[in-house]
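Okay, structure first, notes after.
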Amino acid sequence: MSDAPVPAERRRDLLNQLTIIGWLSLGGFFGLMLYQVDRVRSIDGSRFAGVWEQRIEVLSFLVLPPNIVVLVPPALIAITAAYLADADAPPAIAPLLRVTGGIATILIVIGAVSIVTLLFDDSASGDAGSVFLRIGGMLVAYAIAKGCRSVDALRGLR
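Numbered by numbering that gives the first Met the number 0, the letters in the sequence shown go through residues 0 to 157 in order.
This is the structure we're talking about:
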């Protein structure tokens, strides 16, 4: 590899490609999210738990570590593209970074609500494994949100 600076046109092309790849990979998480929302809509009460407790539990599956890692690639791509961006960066980088960070923040809230629901659920009696899984997912979501916010503040993208 050469230490010569990358020409501006090639750098801009790289940023465009990273932005496209980031939005496409974020689409993978949107697909998972829409699937879970559809499952939430189909819940209609049972004798074991109320409708809202069931809906929160199903929605909280997004926070489980195996599911939340789907959000890691778009976050890493958005953070990298935003870090490499300069004054004439593609305009879609900032929204990609902020949407990804915003989704991660929402997942933290969903995880917290589901943990509270689990702790007060008589039938699960505060199932520790479920609580720890959600805490693990919330930590991943926090790392994503913090990374997105940090590079956004550092670069000051419009």
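Where is the CB? At the ideal position from N, CA and C, for every residue including glycine.
Values in this document were obtained by computation on a predicted structure and should not be read as measured data.
By the CB criterion at 8 angstroms, VAL57 and VAL71 fall outside the cutoff. Per DSSP, the continuous alpha helix (DSSP H) segment holding GLY30 begins and ends at 7-40. The C-alpha of VAL139 lies about 34 angstroms from the C-alpha of PRO4. According to the DSSP assignment, PHE60 belongs to no alpha helix (DSSP H), since it is labelled neither H nor E. In terms of Cα proximity to SER41, the closest of ASP2, ILE55 and ARG154 is ILE55. In this structure, SER149 lies away from ILE109, with their beta-carbon atoms at least 8 angstroms apart. Given a length threshold of 4 residues, each whole run of the alpha helix (DSSP H) inside the segment 53-107 is given here in chain order: 64-67 and 71-83.
Taking every protein chain shown into account, the CB of GLY128 has fewer than 16 other CB atoms within 10 angstroms, so this residue is exposed.
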